[in-house]
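In what follows, a single structure is set out as structure tokens and then discussed.
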Amino acid sequence: MKTFRIGGIHPAENKLSATSPIKVAELPKIAVFPLAQHIGAPAKAIVQKGDKVKVGQMIAEANGFVSAHIFSSVSGTVLKIDNAIDASGYGKPAIYITVEGDEWLESIDRTPQLITIKDKPELTDKDIVEKVKNAGIVGMGGACFPCHVKLSPPPETKPEWVIINAAECEPYLTADHRLMLEHADEILVGVTLLMKAVNVNKGYVAIEKNKADAIKIMQEKASAYDNIEIVTLKTKYPQGGEKQLIDAVVSRQVPAPPALPVSVGAIIQNVGTAYAVYEAVMKNKPLIERIVTVTGKSLKSPSNFLTRLGTPMSQLIDACGGLPEDTGKIIGGGPMMGKALLSTEIPICKGSSGVLIMNEKEASRTEPQNCIRCGKCVDACPMGLEPYLLSDCSELKLWERVEKEDVTSCIECGSCQYTCPAYRPLLDYIRLGKTTVMGIIRSRNTK
Amino acid sequence: MNKLKLSLSPHIHGGDSVRKNMFGVCIALIPALICSFIYFGLGAIAVTSVSVASCVFFEWAINKYMLKNPKSTVTDGSAILTGLLLAFNMPSNLPLWIVVIGALFAIGVVKMTFGGLGCNLFNPALAARAFLLISFPVQMTDWPVIGQDFTTIDGVSGATPLAIMKTAIKTKNADILSDLPDAWNLLIGNTSKSLFNDGPIGGGCLGEVCALAILIGLVYMLVKKIISWHIPVFVFTGALHLIDPMYADPVSHILSGGLMLGAVFMATDYVTSPMTKKGQIIYGIAIGLLTVVIRTWGAYPEGMSFAILIMNAFTPLINNYCKPKRFGEVVK
Amino acid sequence: MIEVILITVAVLGTIGLVAALVLFIIAKLFTVKEDPRIAQVNELLPGANCGGCGFPGCSGMAVACVKAADEGSLEDLKCPAGGNECMKQIAALLGVEAKEHAAKVAVIRCNGTCENRPHVIKYDGALNCRIAHSTCQGETLCQYGCLGCGDCVSACSFGAIKMNTETGLPEVDYDKCGGCGSCAKSCPRNIIEIRLVDKDKTGMVVECVNKDKGAVAKKACLTACIGCGKCAQVCGSDAITIENNLAYIDAEKCTLCRACEEACPSASIIMLGKPRKEIKKNNATAKKADSNTNTVKEIKTTNVRPYSSPIKISFEAPLLPSQQYLLAGVVDLTPIAQATVSDNQQNSKTHSYDAPLLPSQQILLGK
Chain L
549 MKTFRIGGIH PAENKLSATS PIKVAELPKI AVFPLAQHIG APAKAIVQKG
599 DKVKVGQMIA EANGFVSAHI FSSVSGTVLK IDNAIDASGY GKPAIYITVE
649 GDEWLESIDR TPQLITIKDK PELTDKDIVE KVKNAGIVGM GGACFPCHVK
699 LSPPPETKPE WVIINAAECE PYLTADHRLM LEHADEILVG VTLLMKAVNV
749 NKGYVAIEKN KADAIKIMQE KASAYDNIEI VTLKTKYPQG GEKQLIDAVV
799 SRQVPAPPAL PVSVGAIIQN VGTAYAVYEA VMKNKPLIER IVTVTGKSLK
849 SPSNFLTRLG TPMSQLIDAC GGLPEDTGKI IGGGPMMGKA LLSTEIPICK
899 GSSGVLIMNE KEASRTEPQN CIRCGKCVDA CPMGLEPYLL SDCSELKLWE
949 RVEKEDVTSC IECGSCQYTC PAYRPLLDYI RLGKTTVMGI IRSRNTK
Chain A
192 MNKLKLSLSP HIHGGDSVRK NMFGVCIALI PALICSFIYF GLGAIAVTSV
242 SVASCVFFEW AINKYMLKNP KSTVTDGSAI LTGLLLAFNM PSNLPLWIVV
292 IGALFAIGVV KMTFGGLGCN LFNPALAARA FLLISFPVQM TDWPVIGQDF
342 TTIDGVSGAT PLAIMKTAIK TKNADILSDL PDAWNLLIGN TSKSLFNDGP
392 IGGGCLGEVC ALAILIGLVY MLVKKIISWH IPVFVFTGAL HLIDPMYADP
442 VSHILSGGLM LGAVFMATDY VTSPMTKKGQ IIYGIAIGLL TVVIRTWGAY
492 PEGMSFAILI MNAFTPLINN YCKPKRFGEV VK
Chain G
122 MIEVILITVA VLGTIGLVAA LVLFIIAKLF TVKEDPRIAQ VNELLPGANC
172 GGCGFPGCSG MAVACVKAAD EGSLEDLKCP AGGNECMKQI AALLGVEAKE
222 HAAKVAVIRC NGTCENRPHV IKYDGALNCR IAHSTCQGET LCQYGCLGCG
272 DCVSACSFGA IKMNTETGLP EVDYDKCGGC GSCAKSCPRN IIEIRLVDKD
322 KTGMVVECVN KDKGAVAKKA CLTACIGCGK CAQVCGSDAI TIENNLAYID
372 AEKCTLCRAC EEACPSASII MLGKPRKEIK KNNATAKKAD SNTNTVKEIK
422 TTNVRPYSSP IKISFEAPLL PSQQYLLAGV VDLTPIAQAT VSDNQQNSKT
472 HSYDAPLLPS QQILLGK
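Residue numbers (our numbering), protein chains in the order written: chain L, 549 to 995; chain A, 192 to 523; chain G, 122 to 488.
So, in structure tokens, the structure goes:
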């Protein structure tokens with residue numbers, strides 16, 4: 549079975565909500581839209597206090613090429629434009645909208661009928677990219693990179709495949725799994741749209757072995773397409789990392805940054821993004837809702853919700869039975885790469901794939917000891933780096949050494965800290981080194 | 192509800208810990224421990240318990256009174272492991288006060304002065320064995336014969352298989368090699384051959400006699416993923432390269448003396464061995480080669496401990512130059 | 122027997138001589154010629170390599186000093202750690218004049234102790250301020266305040282800054298601090314400022330860097346600067362500017378009259394080295410819940426100017442919470458038709474009024 553060649557770990561899967569079908573979440577009372585929901589410059593608000601908006605109406609426009617529009621997922625009145633605490637742990641500018649009713653823009657097609665690429669032969673690649681841009685779609689796996697930028701690769705590169713990332717390697721998360729079980733047709737049309745947008749002839753959908761029912765359904769539906777192949781991958785973390793996925797599916801390794809995956813011919817998109825692209829191009833629906841997994845060992849009923857963007861997480865947690873008494877950490881995303889959150893009032897954003905409620909026992913970090921030089925972190929690192937060295941040198945502020953040891957290749961997956969028997973905060977210090985070194989490189993290049 | 196906790200990812204941990212690894216190695220040593228008790232009787236029990244107790248005591252005392260650490264590090268199991276390995280490097284009739292001195296050197300000088308667990312440059316048990324060998328050469332080379340119940344000062348002592356090999360080399364007389372026990376006997380440690388020969392032949396240090404028990408320990412550690420197979424296998428490979436068949440066959444070399452114990456338990460010590468697979472291969476081969484060089488041409492009959500100590504000094508250099516293969520170096 | 126010893130001695134001696142000769146030749150051939158004064162100046166410098174002078178380490182400073190001395194004067198050069206005595210010695214060695222530089226020290230512009238600034242979450246990660254800063258706004262509601270992980274303490278080469286474990290804030294020892302700036306550079310939130318101080322190493326400082334609006338800042342910390350501007354109003358030398366809801370005192374214009382310290386309703390302004398003003402716990406934020414039921418009968422102001430003493434006033438009707446907040450600590454009122462005012466010369470004067478004073482008039486008297 550295919551897998552990536554270097555490193556990797558096997559955390560417990562804990563897919564508690566895998567058998568729970570997608571439920572439509574209730575509308576919030578006040579929807580909050582932080583302006584920085586994507587990589588790149590934050591969007592600029594184009595509404596003011598008191599404006600009335602409908603579902604699907606643009607409320608903030610992209611600020612530059614690497615940026616994305618933000619659309620209202622609710623209908624109502626703009627309450628204020630003020631700071632709101634988002635996943636970063638700081639207050640950032642956001643648009644608050646008081647929800648009134650559920651009025652959608654007329655241009656959005658809400659019928660459930662499947663529209664394939666054959667039904668719209670007039671669509672060109674540029675049309676698709678334009679529609680994706682106008683729908684404000686960003687990477688839904690959590691990275692939130694603006695999709696239209698990825699679909700406009702640099703002219704000197706030649707894309708050969710579109711690879712859909714349905715690996716969902718993070719423990720606990722099941723949003724992509726349920727999406728494939730319930731919307732396989734739409735996803736595959738989305739894949740064809742993405743393939744057309746970058747003019748490639750071959751598409752892969754990569755799914756990890758632990759989602760056997762999803763693989764079965766996708767393989768059945770993909771038999772209708774002759775250029776889309778469903779690939780089963782070994783269940784290993786971080787299979788869902790871009791570079792690891794390309795290594796596993798087409799056996800090519802992306803060189804160190806600043807090289808992009810497209811330089812080896814692959815364009816990667818999350819399966820949720822493919823679904824959003826289908827809705828945007830075929831149904832004129834901008835990115836206003838997404839599937840969120842709300843899960844946790846102490847939660848009464850872990851579930852998957854189809855949520856409007858801007859809903860506070862507390863509402864979803866209440867729909868699962870309320871915040872348990874023994875909660876230690878609330879994590880936005882998966883336990884390996886997600887962000888620990890300050891409160892439950894943080895709104896669902898474009899990249900919020902899950903809300904994980906960790907109980908106190910699971911959430912507590914053990915006191916770190918001396919490094920025992922066992923080398924388990926080196927074995928676990930999927931990028932072939934030496935985490936113990938990067939962490940120690942960052943702690944000692946030896947930035948030249950850290951740069952020489954290729955810290956910029958680190959994908960911050962957390963495998964090293966997961967395996968360390970001495971409970972050392974390896975990734976905390978590696979991140980510090982990485983941001984410092986990237987700052988040094990930036991200032992060196994701008995001189 | 193208590194206050195929410197906040198820290199950066201990852202938020203889960205695999206559950207591995209220093210204690211698990213150290214006690215795993217201790218468990219892997221149990222077969223060899225039982226063998227040493229059977230072969231050497233009470234002397235073995237005495238040496239082992241004194242060694243472990245003094246190592247733990249010295250680590251606790253140094254931590255508390257000299258370093259004034261609020262937290263004691265004896266609970267992570269590394270002191271117990273050092274104690275066991277140190278005991279395995281000594282003959283069972285060693286006077287107990289020498290054992291205590293060895294423990295003090297191993298823990299106090301080799302481990303704690305460098306900074307405690309994870310910071311020592313040399314393997315504490317081996318460095319202490321070398322120290323004792325040089326300071327008390329008579330007592331350290333006075334091996335008792337296997338099978339005695341009380342192997343203290345009154346026990347009968349004899350030559351080890353390696354000593355026989357050394358004599359053969361020195362006197363350039365290969366005939367004496369017929370006194371060597373055959374491979375099966377070396378494996379299970381029955382080196383006394385009192386059934387077939389006149390003079391009893393001594394065994395060796397506590398941990399050196401029963402190679403089979405050590406192999407069982409190796410299998411246990413590999414299954415539990417405590418060590419990887421690279422270092423033991425490549426030590427054997429390295430040792431096989433230089434053996435001159437004229438003096439002793441390769442199997443005898445590998446099964447005799449401390450090579451088995453060294454390859455499986457000493458060379459694979461986390462702190463003093465390289466961190467990358469490439470480095471471990473080079474380290475293993477070099478140890479094997481050096482061992483045979485010292486055994487054949489050096490002054491001592493046993494070369495394993497010195498070979499490992501020499502390569503310990505090279506470990507930082509190996510770590511510097513043997514980097515793991517970076518992702519992206521291979522573009523197929 | 123004796124020949125063995127002789128031969129050994131001879132051989133070893135020859136080897137030793139040859140080696141010594143080789144070393145001597147190499148040492149002579151490959152010496153780097155350096156101005157001997159540089160090494161001498163280096164001896165006089167503290168040797169901590171803190172970088173406060175602006176040069177790479179003390180040896181860099183030594184080179185610069187010698188170069189400057191050749192050009193005439195040591196005016197622009199200053200070793201903050203060594204101070205003026207050190208510069209005088211260097212100047213004496215090099216035969217030039219030294220300039221007296223004003224003293225600078227590191228000032229921690231945050232008073233968010235564990236008491237003033239309640240913790241709402243627990244930070245569980247690595248104990249490093251830069252890492253904590255990138256994780257979240259901190260364990261409190263203030264996103265500008267000190268994180269307490271001690272990057273500044275490890276940055277100081279002179280042991281001049283220590284973490285106070287009770288308050289959770291670093292504390293500077295002004296005798297040891299030379300104002301080199303290592304701690305200021307290490308703080309990810311720029312809380313530490315290297316300020317000019319006078320000869321007694323004292324000065325007025327606003328102990329807050331919170332740029333949030335007053336109400337938000339006050340919710341996070343009892344002694345936050347709310348940007349009300351009272352300090353700027355009472356300042357006689359125009360030294361205080363309010364920007365982004367935060368007051369800043371210009372050290373060069375400040376005359377140390379301490380008027381701002383008295384005027385500040387949040388006790389955010391302190392004088393370095395002197396005891397802090399009593400922080401009024403019963404301010405509007407803390408007592409919001411029960412201020413409505415309190416009947417404030419009598420107040421005693423503690424906002425004293427150096428030249429005046431407490432004034433006792435009784436009120437007709439209970440003060441509204443907003444009025445209590447303005448008075449910053451008032452709790453009760455009774456109706457008054459007369460007020461007794463006494464000053465520190467023990468003279469008291471009783472004024473009688475025809476009609477009870479309006480609360481606003483009473484407040485005026487209170488101020």
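Beta carbons: idealized from backbone N, C-alpha and C, even for Gly. Please read these numbers as outputs of a predicted model, since none were measured by experiment.
Tell me whether residue i is buried or exposed, calling it buried when 16 or more other Cβ atoms sit within 10 Å of its Cβ.
i: TRP420 (chain A); result: exposed
i: THR362 (chain G); result: exposed
i: LYS154 (chain G); result: exposed
i: LYS320 (chain G); result: exposed
i: ILE554 (chain L); result: buried
i: HIS725 (chain L); result: buried
i: PRO391 (chain A); result: Any reading at PRO391 (chain A) needs caution, since the residue's pLDDT is 38, under 50, leaving its predicted position unreliable; the model's value is listed next. Its Cβ being crowded by 16 or more others within 10 Å, PRO391 (chain A) is buried.
i: ARG921 (chain L); result: buried
i: THR264 (chain A); result: buried
Rounding to the nearest angstrom, what Cα-Cα distance links residue i and residue j in this structure?
i: GLU314 (chain G); j: ALA384 (chain G); result: 23 angstroms
i: THR659 (chain L); j: CYS263 (chain G); result: 48 angstroms
i: ALA253 (chain G); j: MET466 (chain A); result: 30 angstroms
i: ILE618 (chain L); j: LYS877 (chain L); result: 29 angstroms
i: ALA608 (chain L); j: SER846 (chain L); result: 38 angstroms
i: ILE978 (chain L); j: GLU960 (chain L); result: 8 angstroms
i: ASP866 (chain L); j: ASN907 (chain L); result: 16 angstroms
i: ARG238 (chain G); j: PHE581 (chain L); result: 29 angstroms
i: SER972 (chain L); j: TYR966 (chain L); result: First, the amino acid is wrong: residue 972 (chain L) is Arg here, not Ser. So the alpha carbons of these two residues sit roughly 9 angstroms apart.
i: VAL451 (chain G); j: PRO386 (chain G); result: Here VAL451 (chain G) scores only 37 on pLDDT, less than 50, and its place in the model is too uncertain to base an answer on.
i: LEU150 (chain G); j: LEU144 (chain G); result: 10 angstroms
i: GLY649 (chain L); j: VAL601 (chain L); result: 11 angstroms
i: LEU552 (chain L); j: GLN787 (chain L); result: The sequence as given places Phe at residue 552 (chain L); Leu does not occur at that position. Computed Cα separation, rounded: 7 angstroms.
i: ILE510 (chain A); j: LYS188 (chain G); result: Here residue 510 (chain A) is Asn; the residue named in the question, Ile, does not match the sequence. Cα-Cα distance, rounded: 44 angstroms.
Judging by CA-CA distance, which residue of the options is the nearest neighbour of residue i?
i: ARG251 (chain G); options: L:SER991, L:LYS945 and L:ASN918; result: L:LYS945
i: ILE418 (chain A); options: A:PRO201, A:ALA219 and A:LYS194; result: A:ALA219
i: LEU564 (chain L); options: L:SER862, L:GLY844 and L:LYS887; result: L:GLY844
i: TYR512 (chain A); options: L:THR740, L:LYS550, L:LEU975 and L:GLU953; result: L:GLU953
i: TYR826 (chain L); options: L:GLU670, L:ALA732 and L:PRO559; result: L:ALA732
i: THR780 (chain L); options: L:TYR773, L:LYS764 and L:GLU790; result: L:LYS764
i: VAL739 (chain L); options: L:THR664, L:VAL601 and L:ILE587; result: L:THR664
i: LEU792 (chain L); options: L:CYS925, L:ALA714 and L:GLN596; result: The sequence given here places Gln at residue 792 (chain L); Leu does not occur at that position. Of the candidates L:CYS925, L:ALA714 and L:GLN596, the one whose C-alpha sits nearest the C-alpha of GLN792 (chain L) is L:ALA714.
i: LEU218 (chain G); options: G:CYS186, G:CYS231, G:LYS351 and G:VAL327; result: A quick correction: the sequence has Glu, not Leu, at residue 218 (chain G). It is G:CYS186 whose Cα lies nearest to the Cα of GLU218 (chain G).
i: CYS329 (chain G); options: G:LYS322, G:THR323 and G:ALA338; result: G:ALA338
Could you check how far apart the C-beta atoms of residue i and residue j are, in whole angstroms? I think they sit under 8 angstroms.
i: CYS396 (chain A); j: CYS226 (chain A); result: Incorrect: roughly 12 angstroms between the Cβ atoms, too far for contact.
ask   = Quick one: any contact between the stretch 795–810 of chain L and the stretch 676–694 of chain L, if contact means 3 or more CB pairs under 8 angstroms?
value = No, because fewer than three Cβ pairs between the stretch 795–810 of chain L and the stretch 676–694 of chain L fall closer than 8 angstroms, the two stretches do not touch.
ask   = Just checking, does the stretch 256–275 of chain G make contact with the stretch 156–172 of chain G on the three C-beta pairs under 8 angstroms criterion?
value = Short answer: they don't touch.
ask   = Touching or not, the stretch 242–253 of chain A and the stretch 269–279 of chain A, by the rule of three or more beta carbon pairs under 8 angstroms?
value = Yes, since at least three Cβ pairs between the stretch 242–253 of chain A and the stretch 269–279 of chain A fall closer than 8 angstroms, the two stretches touch.
contact_flag[the stretch 587–595 of chain L, the stretch 739–752 of chain L] where n(CB pairs < 8 angstroms) is 3 or more = With the rule of 3 Cβ pairs closer than 8 angstroms, the stretch 587–595 of chain L does not count as touching the stretch 739–752 of chain L.
query = Is the stretch 651–671 of chain L touching the stretch 276–296 of chain G, taking contact as three or more C-beta pairs under 8 angstroms?
reply = No contact exists between the stretch 651–671 of chain L and the stretch 276–296 of chain G.
inquiry  = Would the stretch 226–243 of chain A count as touching the stretch 421–428 of chain A if we require 3 or more Cβ pairs under 8 angstroms?
reply    = Judged by pairs of C-beta atoms under 8 angstroms, the stretch 226–243 of chain A does not touch the stretch 421–428 of chain A, as fewer than three such pairs exist.
inquiry  = Check whether the stretch 194–210 of chain G and the stretch 220–238 of chain G touch, using three or more Cβ-Cβ pairs below 8 angstroms as the test.
reply    = A contact exists between the stretch 194–210 of chain G and the stretch 220–238 of chain G.
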